[in-house]
Amino acid sequence: MSPFPSERSTGSRAPVAAASVLERAEQLLQLLRGLVRCDAVALTASNPFARSPQHEVLAADGYSDAALGRFLDEFVPDTENPGFRVVRNRSRAALRWSDLARDWDVRFAATSLAEQYLLPAGFHEGVTACLWLPDGSHVGAIHMNWEAAGAATDDRRRMVEQFRPLLAGASNLLQPHRVLADELHGDAHVALLGGGAEQGIPGRDAGPVLRSDGRLWPLLLTSVPRRDGSYLWIDGAGTFHRIDLTRCVDATVLVAEREIPAPYELTARELQVVTLLAAGASNPEIADVLVVSRRTVSTHVEHILAKLGVASRAQVAALATREGLRLLQPELVRRSDPPASRLGRPR
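Per full-length UniProt numbering: the sequence shown = residues 1 to 347.
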């Protein structure tokens with residue numbers, strides 16, 4: 001069996017899987033193909049970052065690029081392919097062409113995919129199965145074909161069934177994010193920000209704040225800082241939340257959230273001043289942004305120095321960045337460089 005080069009099998013689409021996912025997919029597909037001895041095989045993953053349902057090839061061998069492209073285009077919920085309509089939407093079993101004909105009155109050999117790509121390549125039987133996680137998330141599919149129809153035996157179909165949990169785990173493109181979330185934020189609510197939409201991470205709770213209907217999510221969609229790090233957010237009830245941002249593959253951001261006490265007993269207004277100090281703003285610029293007097297700002301700075309136990313504005317800025325004391329607030333974090341007077345006024 002030849003290697004499974006992702007560059008060939010993904011066609012013109014850019015790979016969305018992490019290297020560890022591709023490696024695991026190749027290993028499992030090689031093992032399964034050695035057991036069922038098929039003539040062509042493809043493992044595809046549902047792309048969680050796409051705006052509409054679509055699959056990407058993780059590993060494949062024995063198919064032409066054109067055939068793989070049709071697999072990707074047709075294995076979607078609203079497919080016109082009658083065989084894929086059954087496998088994708090109506091059955092969770094691994095089904096052969098003969099199973100579709102016998103149990104569902106579907107002649108897969110008469111589909112355009114079979115007539116244009118599979119039959120001319122010498123394939124006369126195949127099996128396809130959806131891949132699901134225990135929580136019901138659809139994560140991918142396995143496709144196999146044989147030149148001799150009799151080679152797709154019941155035992156080989158059952159072997160594919162038995163491999164489905166392993167294949168599903170290998171097809172879960174969010175698994176690296178789950179590992180990262182567990183390692184960095186074991187006790188926090190987490191979500192994945194990417195593509196302008198919320199992405200839940202299987203097995204982890206987003207919590208009320210990070211859900212798409214939560215109060216923080218619209219802010220994250222429009223005002224994520226350019227740098228990774230730890231930030232603060234204060235909700236309408238005055239509760240403090242620690243927000244940690246970690247950039248991942250495919251321009252996604254892992255967001256972690258947990259409630260915390262007010263750090264250093266700082267007030268909300270003092271934290272606004274800290275955030276602007278960390279951006280390098282002067283007292284007059286801070287006064288302009290917060291619409292207060294310069295004397296009021298000076299008093300806030302004195303209180304902040306005392307509460308943080310530091311002696312200078314530079315030390316405040318360094319500690320704020322190091323310990324995550326900057327607010328995740330559009331008026332204050334939209335720009336990280338002075339002049340702060342151009343940041344815009346809070347509503």
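For every residue, glycine included, the Cβ atom is placed at its ideal position computed from N, Cα and C.
Contact between Val160 and Ala94 holds, since their C-beta atoms are separated by about 5 Å, short of 8 Å. Look at Asn145 here: in three-state DSSP terms it is strand. Using a Cβ distance threshold of 7 Å, Ala25 and Leu43 count as a contacting pair. Residue range 154 to 171 is occupied by the alpha helix (DSSP H) that includes Ser171. With a contact defined as Cβ atoms closer than 8 Å, Val255 and Leu193 qualify at about 5 Å. Taking C-beta atoms as the reference points, Glu125 and Ala110 fail to come closer than 7 Å. Taking a C-beta distance under 7 Å as the contact criterion, Gly324 and Ser230 qualify as a contact pair. In the DSSP assignment, Ser46 falls within the unbroken beta strand (DSSP E) covering 40 to 46. Residue pairing of Cys130 in beta bridges, as defined by DSSP: Ala141.
Across the set Ile260, Leu173, Asp213, the C-alpha of Leu173 shows the shortest separation from the C-alpha of Thr252.
For Trp233, the closest C-alpha among the options Val21, Glu259, Leu221 is that of Glu259. For Arg90, the secondary structure class from DSSP, reduced to helix, strand or coil, is coil.
According to the DSSP assignment, Leu232 belongs to the beta strand (DSSP E) that extends over 229 to 234.
With a threshold of 16 other beta carbon atoms within 10 Å, Gln329 meets it and is buried. For Glu183, the uninterrupted alpha helix (DSSP H) run begins and ends at 175 to 184, by DSSP. Looking at the DSSP output, Asp61 sits in a beta bridge with Val41. By the Cβ criterion, the stretch 153 to 167 is not in contact with the stretch 47 to 66, since fewer than three pairs of Cβ atoms, one from each stretch, lie closer than 8 Å. Annotation for Arg326: no beta strand (DSSP E) segment contains it, and DSSP assigns it neither H nor E.
Ranked by how close their Cα comes to the Cα of Asp205, the residues Leu220, Leu216, Gly186 have Gly186 in first place. The stretch 101 to 118 makes no contact with the stretch 165 to 179; the number of CB pairs closer than 8 Å stays below 3. Distance from Val209 to His241 at the Cβ level is roughly 6 Å; contact confirmed, criterion being Cβ atoms closer than 8 Å. Closest in alpha carbon position to Thr299, among Val274, Ala152, Ala314, is Val274. Note on geometry: alpha-carbon atoms of Leu180 and Val291 lie some 41 Å from one another.
According to the DSSP assignment, Ile286 belongs to the alpha helix (DSSP H) that extends over 283 to 290. Around the CB of Glu302, fewer than 16 other CB atoms lie within 10 Å, so the residue is classed as exposed. Judged by their CB atoms, His143 and Thr128 are nearer to each other than the 7 Å cut-off. Residues Met144, Arg156, Met159, Val160 of the same chain have their beta carbon placed closer than 8 Å to that of Val36, with the five preceding and five following residues left out of the count. DSSP places His300 within a helical segment (H, G or I) once states are collapsed to three. Exposed is the label assigned to Asn89, since fewer than 16 other Cβ atoms lie within 10 Å of its Cβ.
The Cβ atoms of Ser137 and Pro202 lie closer than 7 Å to each other. Cβ neighbours of Ala317 within its own chain (closer than 6 Å, five residues either side excluded): Leu277, Ala278. Secondary structure of Thr79 (DSSP, three-state): coil. Short of 8 Å from the beta carbon of Arg322, and not among the five residues preceding or following it, lies no beta carbon of its own chain.
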